[in-house]
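Beneath this line is the structure, given in structure tokens, with notes to follow.
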């Protein structure tokens, strides 16, 4: 018996889940279980109550609306991976999701679980930062929206109150024909990235960049938008030598050190991966135009 | 706290009604309560893949689920792969013929993973097989014969189902 003792609750509605969170002390939400279950097995967390969201109705959906894609919190990563709508409207996410864990973990793991667990190197977290996503959070006084930029408040700590739960994330879609790439460096396929780069660009008919989003994951407690590089790219033509100069500025970003790599190694990756991703994104624009 | 729940699960076609402590993992439930010790536990935190089972036809790590979450669901473990006690499944035959296992510890998880993979993708490339089993650690084989066995199994299964190759 590996997990510590807890009481188990499996509500059927969001309102009931919120009610449980409001009335119970030291409760933990269980979504896909691909992070919480290892933490329970190793007794890193000792909740008195586990509130299982797997039987809550209405939290699993992928809904395209005007210019955005709304994804329910309990949507399995597998369903995102095989979604035609995601591939068409949000190809960055489709590319990133294939680098999230393995088939066995994507079959269970969820969008909301990944966003709330908020691992600094998690692919979906970087995608949410790259696309300026908004998350919807339900509490006892109704729902509220949080811009993803304000969602991570500290290392693995989302801006959610103990009696709230994330119900959906909304991703603004870029126009058809944009360039995108999600490139990561990991020790093995399916591992968390040491550093990842999520890139989106648009180009005018002369190949000059008109809009850019560059996000680095794995560097610090939350994904970093490289806003200076995003500004420098505007008006540029994607070309390797120029990109080397532009991306060199990313070496000065703060980076964590851990068993996998020292800070300097991550800073080196921060100069390399966005360049590779930008070139891939540019080639995709060209491929679509050819 | 000794919270328990009644659950009803179907494992390898057999229906079970059991009372489980809520904190018991599905893996421990299968092994200790149902005696189905074919599902192996390596790391118990979702890294090694040895405990992979199919939940409603989809592979999942049984160490990362609570038994109570399986209530109402259908589970396939390695014991349920062969059609009967005297006949191996073509996937198992391919593993035997190609030396796809040495110590055998990882094999149950690899077989269940490949059952799903070959069902969804009957004619995988070598790379697709390698990515498909990337969530399963094997410390003996270096994966070479596992990949060979998986590709051989794919061929046997395509032949047995009479499906035409593209």
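Protein chains in written order, with our numbering: chain A, 1 to 290; chain B, 1001 to 1166. Glycine included, each C-beta is placed from N, C-alpha and C at the ideal position.
In this structure, DSSP gives residue 20 of chain A a helical state, which the three-state scheme calls helix. When CB distances to chain B are screened at a threshold of 9 angstroms, the residues of the region 168-195 of chain A falling below it are 188, 189, 190, in chain order.
Neighbours of residue 1069 of chain B in chain A, taken as residues whose beta carbon is under 7 angstroms from its own, are 52, 54 in chain order. In the three-state reduction of the DSSP assignment, residue 82 of chain A falls in the coil class. From the beta-carbon of residue 1074 of chain B, no residue of chain A is found nearer than 9 angstroms; the closest lies around 14 angstroms away.
Considered as a whole, the region 1120-1147 of chain B harbours 1126-1132 as its complete alpha helix (DSSP H) runs of no fewer than 4 residues, in chain order.
If you draw a 10 Å sphere on the C-beta of residue 1152 of chain B, you find 16 or more other C-beta atoms in it, and that means buried.
Residue state for residue 31 of chain A is assigned as coil, using DSSP reduced to three classes. In the DSSP secondary-structure assignment, residue 52 of chain A is bridged to A:30. Your pair residue 22 of chain A and residue 140 of chain A checks out as a contact, with CB atoms roughly 5 angstroms apart and the cut at 8 angstroms. Counting only Cβ-Cβ distances below 9 angstroms, residue 1003 of chain B has contacts in chain A at 5, 6, 7, 8, in chain order. A direct Cα-Cα distance of roughly 40 angstroms separates residue 207 of chain A from residue 258 of chain A. Excluding five sequence positions before and after residue 1124 of chain B, the CB atoms of its chain that fall closer than 8 angstroms to its own CB belong to 1117, 1118, 1132, 1150, 1151, 1154, given in chain order. Residue pairing by DSSP places residue 179 of chain A opposite A:201 in a beta bridge.
Listed in chain order, the positions of the region 72-104 of chain A with a beta carbon within less than 8 angstroms of a beta carbon of chain B are 78, 101, 102, 103, 104. Residues 12, 13 of the same chain have their beta carbon placed closer than 7 angstroms to that of residue 57 of chain A, with the five preceding and five following residues left out of the count.
When the alpha-carbon of residue 252 of chain A is set against those of A:75, A:41, A:224, the nearest one is in A:224. Pairing residue 1106 of chain B with residue 1063 of chain B gives a Cβ-Cβ distance that is not under 9 angstroms. Look at residue 1038 of chain B: its C-beta is not under 9 angstroms from any C-beta on chain A. Taking the beta carbon of residue 107 of chain A as reference, the chain B residues within 8 angstroms of it are 1055, 1058, 1059, 1060, listed in sequence order. Under the three-state reduction of DSSP output, residue 1084 of chain B falls in the strand class. Linking residue 25 of chain A to residue 6 of chain A through their CA atoms gives a straight-line distance of about 12 angstroms.
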